[in-house]
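Below is one structure; the comments refer to it alone.
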Amino acid sequence: MKAILRSKESAVFALFIIVFAIFAAQSDRFAAPDNLFNVARQYSELTVVSVGLTMVIITGGIDISVGSVVGLSSILVGVVAGRMGLNIWLACAAGLLAGLTCGAINGLVITKLKVQPIVTTLAMLSAARGLAFVLSEARSLSGFPDSFVALGQTAIGPIPGLGYVPLAVAAAFLLVVFGIILLRGTAFGRGIYAVGSSEEAARLSGINVFRVKMFAYSFTGLLGGLGGVMMAARLASSIPDAGTGFEFEAITAVVMGGSSLKGGEGSIVGTIIGVAVMGILRNGLNLIGVPNTWQVLFLGVMLILAVLADNLRNALRSKRELRYSVSKASGGGD
Amino acid sequence: MRVIRSYLITLALVVLSASVLGLGGCTRRAERPETTRIRTEHPKKAQRQIAFVMKLVGIPYTNACERGMKQAAKELGIDAVFLGPPTGGDTAQQIAIIEDQISRGVDAIIISPNDDQAVKPVIKRGISKGIKVFTWDSDAPESDRIFYVAAADDVGIGVEVIDRVAKDIGGKGKVAVMTGSPNALNLKLHVDGVEKGAKKYPGIQLVKPYIYNDDDRHKATQGAITLLQAHPDLAAFACVNAPGVPGAAMALIQTGKEDKVVIWGLSLPSENRDYIKKGIVNGLTLWDPAKLTYVTTKLVNDYLDGKKPVDGMEVPGIGKLKVSKDGVIIMPGATITKENIDRFDF
């Protein structure tokens, strides 16, 4: 019981339950499977991107370029398939490759040139968005084959107990599972935590810090690319400003989910619940007719509260650990 | 024990954040969502519900739209909400808002799309769920929308500008045409209208080349000054994009020709209030976003009642509507002068 209460995900899960219950009580449409899948689909791209960002944040870094990478990838799909008229799958590959490239550049600059992650990815935020606008001439592009557009609208199933699940949601789910296994179930995943806890200690214990960081940023870039492809399919058009604000929403989700911005701790489960909280919050506020301008404010308040809760938890824990170490008791902290 | 205390503090913060949502009163129901009563039968809707989804919200233009909607909704006794992305006209966010309104099961959704292609799938989905979907302010012509209420006829508003100019200069003289760029479709159509209208006045000569101000007020002023030097006998400016009118006004002030040259154009009242009051700018032709949305609300409500819009129908206080076969409804434009400028606050 204590272990559950102590887990960092418990707070965000409690928040999820509360927000869910409030909206279920306020709107009879809210808890309908139709609506929940609708939210899940709207947030499938953010979910995918957040999986990568969680890993970056666990290594003690940050990537604020994710939204711009989504936009660049989305535009590449439009340019290659729509304007140049090439095969749509080639276009998707171009989007993914662009994402991977952006991520790899971030990783290289951070590890080799030792530029701070926030500065590096701020530059990428601007560069990738700029390139998206240049390539698209600041216009949205469309003209995709019907099969691709259908992919963004399609649902698979029926899956017992769930009914028809949107394909984008299924894809995001698979990625989440992959991320959890990678982080929790492999030595490489534990290396990610080790790098975030103490880079020096990780290096001394034989972990290839360069490889870990390169993977985290490149993978996040690749997922940004995937997010762009998914968004192009869902919206049936490539939009240069696709993914605007993703960095904010993804970081909020990761922090709400219990990851520490100092690195070394966090989990994808927590992040996904964080994404879910934001998703149902937006949807619920829309359903009960709260003006959209207020929603920005709510999200900001959420982020601040999440950070405050995290700080409070850390402060309490370090006090406890101190007391334990003074009394020479063993087993303090985790 | 301490673990539990830290947990409780966290939970307290969480509850606080929930109450910040303004729904604090409901948190006591929060034990378990499974047990929350999910009403299977929808309570009979007391009111008709419609939702407007704008490109973005929170700017004077869209606030005026919202006001028009509210007025109509009040008169009709229906529940209408005005939504849209709060920042930057984000297409994905706008679509999420539309999807949420489909989930909400409103009777009608009226959209001003950020992207006419990206809204196609969501409009289709709404229609397939039995929701009536319309566009206003901006169209998605290839979508399944039922009808589109346009603020003004792009060509017609150009004709209106030159008609007003002709009246104020007595039907003869040199007229400079100022626009933004040669490529933008709506501006091209406005200029077409100016040219078409000018044919009615043999005494009017349109000065070539036209001034392209790249939607930049400073460039508009520079271009206007240059033109005034080349044509000291210029009678009027006909401007078809928003920075053109105040740009030309500034040029007249700098060259001391405030009383000698007429200015008419399409622009925002808020950018020209002083110039109009001082008589430097004779007037603006444009649409009133409040009236546009007011009329749209009424037309949508009529449609839900089974009354389709017909060509030439008279809307009290507005004028005659033009209805074309492809479902485009065009409102008559508004003319703003010294006398009525204070009624327009966008």
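Protein chains in written order, with the numbering used here: chain A, 25 to 358; chain U, -16 to 329. Positions of the beta carbon are idealized from the N, C-alpha and C atoms, including for glycine.
Cβ-based neighbour list, residue i, same chain, cut-off 6 angstroms, excluding 5 preceding and 5 following
| i | result |
| --- | --- |
| V173 of chain A | A260 |
| G119 of chain A | S97, L100, V101, G249, G252, V253 |
| F243 of chain A | G76 |
| E69 of chain A | G251, M254, M255 |
| L175 of chain A | A257 |
Contacts around residue i, its chain only, beta-carbon distance under 7 angstroms, and the 5 residues preceding and following it disregarded
| i | result |
| --- | --- |
| G180 of chain U | G141, V142, I145, D146 |
| C116 of chain A | V101, V253 |
| G302 of chain U | P315 |
| V264 of chain U | V228, A232, I246, N255, Y258 |
| K107 of chain U | D127 |
| D265 of chain A | G95 |
First through last residue of the alpha helix (DSSP H) which encompasses residue i
| i | result |
| --- | --- |
| T118 of chain U | Careful: T118 of chain U lies outside any alpha helix (DSSP H), inside the beta strand (DSSP E) at 115 to 119. |
| Q177 of chain A | 170 to 177 |
| A48 of chain A | 33 to 50 |
| I129 of chain A | 112 to 136 |
| D285 of chain U | 272 to 287 |
| L172 of chain U | 168 to 181 |
| V89 of chain U | Looking at the DSSP string, V89 of chain U is not in any alpha helix (DSSP H), and its letter there is neither H nor E. |
| M255 of chain A | 233 to 259 |
| V90 of chain A | 90 to 101 |
Burial state of residue i, where buried means 16 or more other Cβ atoms lie within 10 Å
| i | result |
| --- | --- |
| K274 of chain U | buried |
| S253 of chain U | exposed |
| I88 of chain A | buried |
| F168 of chain A | buried |
| V143 of chain A | exposed |
| F271 of chain A | In the sequence under discussion, the amino acid at residue 271 of chain A is Glu, which differs from the Phe named in the question. Its Cβ being crowded by 16 or more others within 10 Å, E271 of chain A is buried. |
| I46 of chain A | buried |
| I129 of chain A | buried |
| R347 of chain A | exposed |
| H173 of chain U | buried |
| L137 of chain A | exposed |
| Q66 of chain A | buried |
| S92 of chain A | buried |
Interface flag, residue i vs chain A, CB-CB below 8 angstroms
| i | result |
| --- | --- |
| R128 of chain U | no |
| G67 of chain U | yes |
| R12 of chain U | Legend: pLDDT at R12 of chain U = 34, less than 50; position of this residue unreliable, value from coordinates given subsequently. Closer than 8 angstroms to some Cβ of chain A, the Cβ of R12 of chain U qualifies, so yes. |
| K171 of chain U | no |
| K115 of chain U | no |
| P104 of chain U | yes |
| D73 of chain U | yes |
| A167 of chain U | no |
| A149 of chain U | no |
| P16 of chain U | For P16 of chain U, the pLDDT reaches just 37, beneath the cut-off of 50, and the residue's location in the model is therefore unreliable, although a value from the coordinates is still provided. Yes, P16 of chain U counts as interfacial toward chain A. |
| I78 of chain U | yes |
N-terminal and C-terminal residue of the beta strand (DSSP E) that residue i is part of
| i | result |
| --- | --- |
| Y193 of chain U | 187 to 195 |
| V64 of chain U | 62 to 66 |
| Q30 of chain U | Counting along the chain, Q30 of chain U falls outside any beta strand (DSSP E), and DSSP gives it neither H nor E. |
| P190 of chain A | 187 to 190 |
| M148 of chain A | Looking at the DSSP string, M148 of chain A is not in any beta strand (DSSP E); the run it does join, the alpha helix (DSSP H), is 141 to 160. |
CB contact check: residue i to chain U, cutoff 8 angstroms
| i | result |
| --- | --- |
| A225 of chain A | no |
| V320 of chain A | yes |
| T178 of chain A | no |
| Q66 of chain A | yes |
| V93 of chain A | no |
| R107 of chain A | no |
| N335 of chain A | no |
| L323 of chain A | no |
| V173 of chain A | yes |
| T145 of chain A | no |
| R153 of chain A | no |
Residues near residue i by beta carbon distance below 8 angstroms, same chain, minus five either side
| i | result |
| --- | --- |
| V283 of chain U | I33, A91, I93, K115, F117 |
| L66 of chain U | A34, F35, V36, M37, V40, I80, Q84 |
| G139 of chain U | G176, I313, G316 |
Checklist entry - Taking any Cβ of chain A, which residues in the region 31 to 58 of chain U have a Cβ under 7 angstroms from it, in chain order? => result V40, G41
Checklist entry - For the region 238 to 264 of chain A, which residues have a CB atom closer than 7 angstroms to at least one CB atom of chain U, in sequence order? => result M255, L259, A260, S261, I263
Item to check | the region 193 to 204 of chain A: positions lying closer than 8 angstroms to chain U by Cβ | outcome: none
Item to check | Contact residues within the region 272 to 289 of chain U, judged by C-beta distance below 7 angstroms to chain A | outcome: none
Checklist entry - Taking Cβ-Cβ distances below 9 angstroms as the criterion, which residues of the region 80 to 97 of chain U are in contact with chain A? => result I80, E82, D83, Q84, I85, S86, R87, G88, N97
Item to check | Chain-ordered residues of the region 266 to 295 of chain A with a beta carbon less than 9 angstroms from chain U | outcome: A266, G267, T268, G269
Checklist entry - Going along the chain, which residues of the region 45 to 58 of chain A sit with their C-beta nearer than 9 angstroms to a C-beta in chain U? => result A45, I46, F47, A48, A49, Q50, S51, D52, R53, F54, A55, A56, D58
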